[in-house]
Amino acid sequence: MRYYPIFLDLKAQHVVMVGGGAVAERKVATLLKSGADVTVVSPSVTRRLAGWISQKKVRHIRRAYRKGDLGQAVIAFTATDSDRVNQEVAEDAEQKNIWINVADQSVPGNFILPAIFTKRDVTVAVSTGGKDPRRAVKIRDSLRGVTL
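Counting the sequence shown from 1 gives a position; this note's numbering is that position plus 160.
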């Protein structure tokens, strides 16, 4: 087992998401459920993200990522289709000792996310150590019907 499983309390913690597409939207949705203080850095965002931004649930820096945008984040994510941007964010995070997840793993981050679901007060997380995320999703989905 390479990765140490952990659940983080991100309530009121500053989190930066670089990217504004569907993958970023999914991750931001989960971050908002955890109470995180989220800033999205992206020239454009999905309609759902735009809604959260207009409702002041999420802050938005409407431009491409620049060095220093991680600010005082405790954790950061990249969800872009640019290896160059992902690399730049990962390097900035490493220099600032900020935990970083790179969605497509085009660049190594220092944590990965499991496939999760929550039913009542139980959260189930499934991981293949980053080797087969689709398999983790299939296993997660097969467990959704289990009585908890």
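Each residue gets a CB set at the ideal place from its N, CA and C atoms; glycine is no exception.
- request: Could you check what DSSP says for K227 in three-state terms: helix, strand or coil?
  value: Mapped onto the sequence shown, residue 227 falls at position 67. In this structure, DSSP gives K227 a state outside helix and strand, which the three-state scheme calls coil.
query: Considering only C-alpha positions, which residue in the set D281, K193 and H220 is nearest to T330?
result: The question about residue 330 has no answer, for the chain in this structure spans 161 to 308.
query: Mapping DSSP to helix, strand and coil, what is D197?
result: For the purposes of this step, residue 197 is identified with residue 37 of the sequence shown, where counting begins at 1. Reduced to three states, the DSSP call for D197 is strand.
- request: Would you check if the distance between the CB atom of A233 and the CB atom of V183 is smaller than 8 Å?
  value: If you number the sequence shown from 1, residue 233 lands on position 73. If you number the sequence shown from 1, residue 183 lands on position 23. Between A233 and V183, the CB-CB gap reaches or exceeds 8 Å.
- request: Pair every Cβ in the region 253 to 271 with every Cβ in the region 190 to 210, then say whether three or more of these pairs are closer than 8 Å.
  value: No, they do not touch.
- prompt: Taking C-beta to C-beta, are I299 and V286 nearer than 8 Å?
  reply: Counting from one through the sequence shown, the residue named residue 299 turns up at place 139. Counting from one through the sequence shown, the residue named residue 286 turns up at place 126. Judged by beta-carbon spacing, V286 lies within the 8 Å limit of I299, meaning their Cβ atoms are closer than that value.
Alpha helix (DSSP H) segment containing N246, residue limits: On the sequence shown, residue 246 is found 86 positions in, with the first residue counted as 1. That run of the alpha helix (DSSP H) goes D243 to Q255.
- prompt: CA-CA distance, D252 and L230?
  reply: Here the question's residue 252 lines up with position 92 in the sequence shown. Here the question's residue 230 lines up with position 70 in the sequence shown. Going from the Cα of D252 to the Cα of L230 covers about 8 Å.
message: Out of P293, V175, Y164 and G228, which one is the CA nearest neighbour of K256?
response: Within the sequence shown, the letter at position 96 stands for residue 256. Of P293, V175, Y164 and G228, the residue nearest in Cα terms is G228.
- prompt: In terms of residue numbering, what span does the alpha helix (DSSP H) encompassing V132 cover?
  reply: With the chain covering only 161 through 308, there is no way to say anything about residue 132.
- request: Specify the secondary structure class of K171 as computed by DSSP and reduced to three states.
  value: In the sequence shown, the residue the question calls residue 171 occupies position 11. In this structure, K171 counts as coil in the three-state DSSP scheme.
field: Per-residue burial, K171 [other beta carbons within 10 Å of its own, 16 or more giving buried]
entry: Here residue 171 is taken as the residue at index 11 of the sequence shown, counted from 1. It is exposed - the Cβ of K171 has fewer than 16 other Cβ atoms within 10 Å.
query: Comparing alpha-carbon positions, which option in A189, V198, L168 and V267 lies nearest S242?
result: Against the sequence shown, residue 242 aligns to sequence position 82. Comparing Cα-Cα distances from S242 to each of A189, V198, L168 and V267, the minimum goes to V267.
message: Based on DSSP bridge pairs, tell me the residues matched to V218.
response: Position 58 of the sequence shown, counted from the first residue, corresponds to residue 218. Its beta-bridge partners are V198.
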